[in-house]
């Protein structure tokens, strides 16, 4: 059982020499096999939370803790957090000209496993995952993210989940830019990993992906805090009513429903 535990997390960012507070006391626990959806308006702190967990140098944790099975993630550099089992699917994956998808995946697997997977076994493993994601094996020869559609980028992120097998995945708007078919395929890939024990923190603006990947808990972010947590039906309510009901009292709010253990 893997447990990602976040306690009283506060974080800021430097913008034009000014320090701007973004996270203002976040408490959250994600365990193996759980899906936690994080929803909220733009600028509420959702992506900042994922960046702080992964170790993005732009953000500064000013208070609180992030642990993975008791290990202090804040004390680790980015690559060590990845090796510990943290995976970040970025909202806007970076283009890497000259590096093929296949080389990227095998290099990442080597770094995580401590040794290069045997080529014969690796090809079989990757091709099996690509078949499930309805990806052409020739896709592996294309430069990473260069000229890819939004759907191709998102499928490749799920391919990484399938073959790298992290313990906790931070999925930042994985449903962005997906058509109906791609959304179904990507969601099926996420569900396969969850059934294998992956814990997921999924950031999204829309409830449509949550109809395919049913969350155990939905957390509503507003003003740098979680202001409400509850079952999957919370996402449906937000789709209808939006965030107006949280109003100006948000900065002093606390979750109205405690996530289940």
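Residue numbers (the numbering used here): 45 to 305.
All residues carry an ideal CB built from backbone N, CA and C; glycine is no exception.
In terms of Cα proximity to residue 221, the closest of 213, 211 and 194 is 194. Separation of residue 158 and residue 178 (C-alpha to C-alpha, rounded to the nearest whole angstrom) is 29 angstroms. In summary, residue 104 is exposed, with fewer than 16 beta-carbon neighbours lying within 10 Å of its beta-carbon over all protein chains present. In the displayed model, residue 211 falls within coil according to three-state DSSP, outside both helix and strand.
Counting along the chain, the unbroken alpha helix (DSSP H) around residue 232 starts and ends at 224-239. Non-local beta-carbon contacts of residue 108 in its own chain, meaning distances under 6 angstroms to residues more than five positions away in sequence, involve 51, 52, 53 and 54 in chain order.
For residue 53, the enclosing beta strand (DSSP E) starts and ends at 47-59. Annotated three-state conformation of residue 102 is coil, per DSSP.
Non-local C-beta neighbours of residue 181 in its own chain, meaning closer than 7 angstroms and more than five positions away in sequence, comprise 171 and 174, ordered along the chain. Residue state for residue 246 is assigned as strand, using DSSP reduced to three classes. Spatial neighbours of residue 146 in its own chain (CB-CB distance under 8 angstroms, excluding positions within 5 residues in sequence) are listed in chain order as 170, 184 and 185.
Taking residue 66 as the centre and dropping the five residues before and after it, the same chain places the C-beta of 55, 56, 57, 89, 92, 103 and 268 closer than 8 angstroms to its C-beta, in chain order.
Boundaries of the beta strand (DSSP E) harbouring residue 75: 62-75, taken from the DSSP string. The C-alpha of residue 71 is placed about 16 angstroms away from the C-alpha of residue 84.
Comparing alpha carbon positions, the residue from 217, 241 and 74 closest to residue 206 is 241. Distances from the CA of residue 283 to each of 118, 228, 248 and 237 were compared; the closest alpha carbon is that of 248. If you ignore the 5 residues before and after residue 46, its C-beta comes within less than 8 angstroms of the C-beta of 75, 76, 112, 113, 129, 211, 212, 241 and 243, all in its own chain and listed in chain order. Assignment of residue 280 by DSSP, reduced to helix, strand and coil, places it in the helix class. When C-alpha distances from residue 49 are compared across 110, 87 and 80, the shortest belongs to 110. Annotation: residue 100 to residue 219 spans about 22 angstroms, alpha carbon to alpha carbon.
In the DSSP assignment, the residues bridged to residue 109 are 51.
Taking the C-beta atoms as reference points, residue 290 is found nearer than 8 angstroms to residue 271. The criterion of a C-beta distance shorter than 8 angstroms is satisfied by residue 187 and residue 140.
Bridge partners of residue 270 according to DSSP: 265. Of all alpha-carbon atoms in 97, 287, 232 and 150, the one lying nearest the alpha-carbon of residue 164 is that of 150. Cβ atoms of residue 260 and residue 123 stay farther apart than 8 angstroms, at about 29 angstroms.
In this chain, the alpha helix (DSSP H) harbouring residue 163 covers 163-176.
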